[in-house]
Each structure stands twice: as C-alpha cells, then as structure tokens.
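K.L.:
In the working numbering, the protein residues as written are 3 to 565.
One structure coming up, written as structure tokens, with questions to follow.
Have a look at this one:
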C-alpha cells in the first residue's frame with residue numbers, strides 16, 4: 003500500500019537570521035509582521051497581514067492581502083491569485099520563500115590556500131577614465147584588426163542594451179535580479195552572484211544568484227577571500243583563467259572540488275564608493291573568461307552600481323515620504339487628542355497650549371468635565387519624545403477618560419493608571435502626571451501629583467505655593483499608592499501648570515530658562531488674562547532661547563479665578 007503523498011513545504015530565507023521550514027497542512031496560512039500570523043516576517047517592508055497562501059483543487063496559490071510594498075512571485079508583483087509551482091520564489095519584503103524546494107545553492111567565502119594567485123588585475127578608476135572603445139583610426143597605415151573591431155562592436159551593443167534596460171526605475175530586489183539576468187545573458191557563465199555591502203558593521207550579502215549549469219545546483223558558490231579583499235581594498239577587477247591547468251591552483255581544494263576553469267570578480271563602484279561585487283565562474287563552458295570579458299563586466303558593473311545607488315535613493319525617498327505622511331497623520335491625530343479650545347468654566351479664566359519638538363510628542367494636557375460643577379485638569383509628560391512617547395500618551399489618555407466619571411476616586415484611578423503604564427511599556431518609560439479637580443463654587447482644588455513638576459499657585463496677595471509631588475511617576479513601580487491633597491483658589495489667584503520643556507529650555511550659552519523666569523513673568527503680568535499671560539511666557543522664552551530649536555516638548559496651562 004502506497005503512503006500518502008508528502009505535504010509540500012515552504013523554505014523561508016530571511017535577510018537576517020536562520021532559514022526555516024514550514025510544512026503546509028492543506029489549510030490557508032497567513033504571512034505578515036504581526037505575531038499571530040502563521041509565518042511571521044519581522045521586517046519593516048512587510049505589512050501586518052501581508053499575504054495568504056492557500057490550497058486549491060490543483061495545488062496551492064498565493065494572494066497579496068493589499069500590502070503596502072506588494073508580494074512578488076519569481077520577481078513579478080502579483081495582482082491577483084497566483085498558482086504556485088515547485089521551486090517558485092515568493093518575495094515578501096526582503097524575505098525569500100521557496101515553494102516546496104530547498105534553496106540549494108548558497109555563497110561561501112573561503113580562506114585562500116598559500117598557493118592562490120590572480121592572473122589579471124584591472125584598476126577600475128584608471129580603466130574607466132580611458133576611452134574603452136576605439137572610434138577613430140589614427141592613420142591609414144594601421145592594419146584593421148577585424149577581431150578587435152568585432153569585440154568592440156559587441157561591447158558597444160551590450161553596453162547599449164544594459165544602459166537601455168536600466169533606464170526605468172525598479173524596486174531594488176527586482177533591479178538586482180535584472181542586473182544578473184543581463185550579466186548571465188551577455189557573458190556566458192555557469193554561476194554568478196551579486197553581493198551588496200549591508201548591515202552594521204557592513205558585510206557582503208548575496209542578493210541575486212544565477213546557476214546556469216544544473217549540475218552545479220547543489221554546490222555552494224565558493225569565493226576566495228583573497229579575491230574579495232583585492233577587489234574591495236584596491237577597487238580592482240580580477241581574473242583567474244585556466245585554473246585547472248595553472249600549477250598554482252592544482253592543489254587548491256576549492257578549485258579542484260568545483261573544477262573551475264576560470265573566474266572573475268569586479269567591484270560595484272558607483273564612482274564614489276564600492277557598494278558590492280559581482281562574481282562569476284565557468285566550469286563546463288569550453289573557453290575561459292578573457293580579459294575582454296573582464297573589462298566588459300567591469301563596465302556593466304559600474305553602470306549597475308550607479309543604478310543601484312539611484313534605486314536605493316529613490317526607495318529611501320519613497321520611504322521618507324511615506325513616513326512623513328504617516329507622521330503628519332499621527333500629528334493630526336495627536337492634535338485631536340488635545341483640547342480644541344479653552345474650556346468655558348464660570349468664574350474662571352483658563353488657557354492651555356502644547357508645542358512639540360518633533361512632529362509628534364509625549365506631552366499631554368486636558369480638561370475633563372466631571373459633572374456640571376467640577377472640572378478635571380490634567381498635565382502629563384512621557385519620558386522621551388517622538389512616536390513612541392506619543393503612542394504611550396495616547397494610551398494614557400484613553401485609560402484616563404475611561405476612569406473619570408462623577409463617582410470616581412482620584413486615588414484609585416491613579417493606582418489603575420500606574421499599573422496600566424507599568425504593564426504596557428518598557429522599564430525605561432514612565433509618565434509624570436498631575437490630575438486636579440476644581441470645584442466651581444468653592445474654588446476647592448483636590449489633586450494628585452505623580453512625580454510631575456509642581457504647579458505654582460500664585461496668591462492674589464503675593465504669596466507662592468507649590469503643589470508638590472505625592473507619589474512616584476506612573477509606570478515606575480507596580481502597585482504604588484497615591485494620596486490626594488487639597489488646596490483652594492480664591493478670587494484673583496492663578497495656577498501655572500507646565501512641563502519641564504519650558505523650564506529646561508536653553509539658550510546658546512547652555513543656560514536654562516528655569517522656573518524663576520517664569521515666576522517673574524507671572525508676578526509682573528498676573529493681572530492680565532490667562533491667554534495673555536501664557537503668550538507672554540512663550541514670548542519671553544523665545545527671546546531667551548534666541549529661537550533655538552526646542553530639545554523637548556513644551557506645555558503650559560494657566561487657571562485663573564476671576565470672581
């Protein structure tokens with residue numbers, strides 16, 4: 003009795019990390035960045051739920067799930083359900099997934115033997131400065147070299163084809179594959195590989211491989227470290243030919259094992275720096291590579307390097323544009339989280355503002371009605387700034403609004419917020435937080451200060467009080483208790499709430515604006531409206547810093563009791 007046919011497998015080769023195998027079980031699987039996908043591709047070019055692979059009557063198919071960067075099968079972006087054949091390559095971001103066939107060829111950099119030698123070296127910079135194709139005859143007495151003219155005509159034709167083929171922009175992965183197609187088509191080879199300098203520290207990473215001789219499909223492409231070092235350190239193209247017949251190569255293990263007849267390696271030089279190499283070798287082809295082949299590959303590699311660099315710049319520009327759009331959207335969303343206008347609260351004059359040092363920030367202020375006679379006043383500052391701080395701030399706002407209601411307890415609410423921040427953020431993230439409840443009729447102000455800069459209470463008669471901290475910042479430790487404190491505002495009193503971006507702003511001499519300058523403005527202009535006072539503080543800050551770009555987010559809130 004015959005056994006059941008073996009289920010096909012997916013062979014997964016990420017750009018970084020170990021390869022893995024995923025056995026299909028005759029059911030739909032998802033591929034994406036989120037951890038609940040069947041196959042997780044943890045890289046920026048992969049969408050949350052990027053693609054699905056599913057069984058059909060005839061086998062398996064793949065379908066792109068409206069991803070941002072697309073799904074490619076054998077180098078072509080798919081627009082609809084695409085049937086998979088054994089050996090098909092699915093490209094998602096920089097991760098290669100081979101359907102039911104292991105990627106048997108890989109590139110191995112090997113240490114040279116003491117007898118290794120290189121036959122020909124071409125200095126690329128000098129070579130590219132010289133006219134490579136003869137266009138005139140210096141004298142009629144020169145005898146025409148038909149073979150040389152044919153070679154030059156072939157070189158011109160190939161370079162023209164390469165130039166035309168590389169005119170239009172392609173995604174980098176497609177471009178690299180296209181370059182190797184052009185190389186293998188115009189320079190017959192058994193094996194070839196294009197490698198780019200990537201990572202930190204930078205190292206050569208294989209990005210496109212060609213195996214023309216099927217008998218070599220299960221053998222690694224071995225590239226000598228001496229050849230690579232010569233190409234990279236001297237910006238030179240190198241050629242080894244008739245390796246089997248050369249005495250110095252007869253006992254070199256890699257040459258004997260692979261039976262290499264000739265090999266060449268050239269730099270991908272973009273006229274400023276070397277960004278990679280192209281390596282090719284011959285074993286089965288009768289004729290070895292010639293010096294003309296090496297020169298031609300050098301020229302093709304130079305054209306390719308410039309195009310690769312342009313493709314990188316275009317992709318970086320596209321990515322930057324996408325990030326800028328997402329940041330602008332995030333900034334708008336964050337702006338919507340802040341009060342759209344100053345609140346109307348009888349007998350009180352209230353104003354607030356927020357200025358971010360980045361597109362988005364981690365400062366937060368809010369006014370939350372607690373019934374018709376009470377108003378919640380919030381100011382908070384997430385440690386750090388930028389996108390991560392803004393996300394944590396948004397989470398805090400949502401949690402806070404869910405807790406504030408007419409029958410809430412400020413102490414219990416703050417405990418919940420602290421545990422929420424502690425459990426949902428990293429150990430180096432915390433939030434300074436102040437929440438006060440103002441009672442309209444009496445002016446009573448009950449508050450909890452969780453590690454925030456003490457708001458300053460200015461008495462109409464001239465005294466100053468600080469609403470000091472009564473507990474740790476949110477998120478520093480779990481299960482922390484907070485004690486509510488009380489004060490009151492009398493007619494003419496005002497309270498200044500601020501984040502440390504105000505007081506720690508520096509001028510060009512690295513001197514801080516500091517609290518005493520804020521106090522001086524309020525003592526001088528305390529008779530003005532809350533909005534006017536706030537504008538005067540910001541104007542004084544602007545003059546002090548000489549319009550230096552802020553290093554931190556800045557938030558101000560002023561509450562003044564009028565009657």
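Just so you know, even glycine gets a beta-carbon here, dropped at the ideal spot from N, CA and C.
Taking just the CA atoms, how far does residue 466 sit from residue 368?
P.N.:
Near 24 Å, if we compare the C-alpha coordinates of residue 466 and residue 368.
K.L.:
Could you check the C-alpha separation between residue 295 and residue 185 for me, to the nearest Å?
P.N.:
For residue 295 and residue 185, the distance between alpha carbons rounds to 11 Å.
K.L.:
For the structure I just gave you, are there three or more beta carbon pairs, one from the region 84-97 and one from the region 32-51, closer than 8 Å?
P.N.:
Yes, they touch.
K.L.:
Pick helix, strand or coil for residue 80, following the three-state DSSP scheme.
P.N.:
It is coil, neither helix nor strand.
K.L.:
In the structure shown, what three-state DSSP assignment does residue 60 receive?
P.N.:
Here residue 60 sits in coil by DSSP.
K.L.:
Can you round the beta-carbon distance between residue 538 and residue 504 to whole angstroms, since I take them to be within the 8 Å contact cut?
P.N.:
Contact flag wrong, Cβ pair sits at about 13 Å.
K.L.:
So what does DSSP say about residue 241, is it helix, strand or coil?
P.N.:
DSSP places residue 241 in strand when its eight states are reduced to three.
K.L.:
Alpha carbon to alpha carbon, how far is residue 4 from residue 102?
P.N.:
In this prediction, residue 4 scores a pLDDT of 44, lower than 50, which makes its location untrustworthy; the coordinate-derived value is nonetheless stated afterwards. When rounded, the distance between both Cα atoms is 21 Å.
K.L.:
Alpha carbon to alpha carbon, how far is residue 246 from residue 192?
P.N.:
Note that residue 246 scores 47 on pLDDT, short of 50, meaning its location in the model is unreliable and no value can be drawn from it.
K.L.:
Here's the rule I'm using: 16 or more other beta-carbon atoms within 10 Å means buried, otherwise exposed. How should residue 331 be labelled?
P.N.:
Per the 10 Å Cβ criterion, exposed.
K.L.:
Alpha carbon to alpha carbon, how far is residue 15 from residue 335? Give it in angstroms, no decimals.
P.N.:
Their backbone Cα atoms lie some 38 Å apart in a straight line.
K.L.:
State yes or no: is the C-beta of residue 550 within less than 8 Å of the C-beta of residue 487?
P.N.:
Against a cut-off of 8 Å, the Cβ pair of residue 487 and residue 550 comes out as no contact.
K.L.:
What's the call for residue 348, buried or exposed, on a 16-neighbour Cβ count within 10 Å?
P.N.:
Exposed: under 16 other Cβ atoms inside 10 Å.
K.L.:
Can you tell me whether residue 251 is helix, strand or coil according to DSSP?
P.N.:
With a pLDDT of only 40 at residue 251, under the threshold of 50, the placement of this residue in the model should not be trusted; the figure read from the coordinates follows. Residue state, collapsed to three classes: helix.
K.L.:
Three or more C-beta pairs closer than 8 Å, one from the region 365-385 and one from the region 527-538: is that the case here?
P.N.:
Contact fails: fewer than three Cβ-Cβ distances are below 8 Å.
K.L.:
For residue 166, name the three-state secondary structure that DSSP assigns.
P.N.:
Looking at residue 166 - three-state DSSP - the assignment turns out to be helix.
K.L.:
Apply the 10 Å Cβ neighbour rule to residue 19 and answer buried if 16 or more other Cβ atoms are within range, or exposed otherwise.
P.N.:
The residue is exposed, with fewer than 16 neighbouring Cβ atoms inside 10 Å.
K.L.:
Report yes if the C-beta distance between residue 471 and residue 412 is below 8 Å; otherwise report no.
P.N.:
No.
K.L.:
Starting from the C-beta of residue 134, find all residues in its chain whose C-beta is less than 7 Å away, skip the five residues before and the five after it, and write them out in chain order.
P.N.:
Caution applies to residue 134, whose pLDDT of 49 falls short of 50 and renders its modelled position unreliable; the value that the coordinates give is listed next. Same-chain partners within the cutoff: 297 and 301.
K.L.:
When you compare the CB positions of residue 520 and residue 561, do they come within less than 8 Å of one another, or not?
P.N.:
No, the pair does not count as a contact, with Cβ atoms beyond the cut-off.
K.L.:
How big is the Cα-Cα spacing for residue 565 and residue 350?
P.N.:
Computed Cα separation, rounded: 7 Å.
K.L.:
Please state whether DSSP places residue 318 in a helix, a strand or coil.
P.N.:
Helix, per DSSP.
K.L.:
Is it buried or exposed for residue 123, if we count other Cβ within 10 angstroms and need 16 for buried?
P.N.:
Looking at its Cβ environment, which holds fewer than 16 other Cβ atoms inside 10 Å, residue 123 is exposed.
K.L.:
How many angstroms separate the CA atom of residue 83 from the CA atom of residue 69?
P.N.:
One C-alpha to the other measures close to 14 Å.
K.L.:
Does residue 187 come within less than 8 Å of chain D when only Cβ atoms are used?
P.N.:
No chain D appears in the structure shown, which is made up of a single protein chain.
K.L.:
What is the rounded straight-line gap between the Cα of residue 283 and the Cα of residue 89?
P.N.:
Between residue 283 and residue 89, the C-alpha separation is close to 24 Å.
K.L.:
Out of curiosity, what's the CA-to-CA distance linking residue 375 and residue 439?
P.N.:
The alpha-carbon atoms of residue 375 and residue 439 are separated by roughly 10 Å.
K.L.:
For residue 510, which beta-bridge partners are listed by DSSP?
P.N.:
Partner(s): none; residue 510 has no beta bridge.
K.L.:
Just confirm the distance between the C-beta atoms of residue 181 and residue 210, as a whole number of angstroms; I'd bet it's less than 8 Å.
P.N.:
So it is a contact: roughly 7 Å between Cβ atoms.
K.L.:
Does DSSP put residue 443 in a helix, in a strand, or in coil?
P.N.:
Looking at residue 443 - three-state DSSP - the assignment turns out to be coil, as it is neither helix nor strand.
K.L.:
The alpha helix (DSSP H) with residue 503 in it runs from where to where?
P.N.:
Run containing residue 503: 502-505, per the alpha helix (DSSP H) assignment.
K.L.:
Identify whether residue 161 lies in helix, strand or coil by the three-state DSSP scheme.
P.N.:
Residue 161: helix per DSSP, three-state reduction.
K.L.:
Check whether the Cβ atoms of residue 276 and residue 234 lie closer than 8 Å to each other.
P.N.:
Yes.
K.L.:
For residue 192, write down the residues that DSSP places opposite it in a beta bridge.
P.N.:
Looking at the DSSP assignment, residue 192 forms no beta bridge with any residue, so it has no partner.
K.L.:
Straight-line CA distance for residue 499 to residue 540?
P.N.:
If you take the alpha carbons of residue 499 and residue 540, they lie about 14 Å apart.
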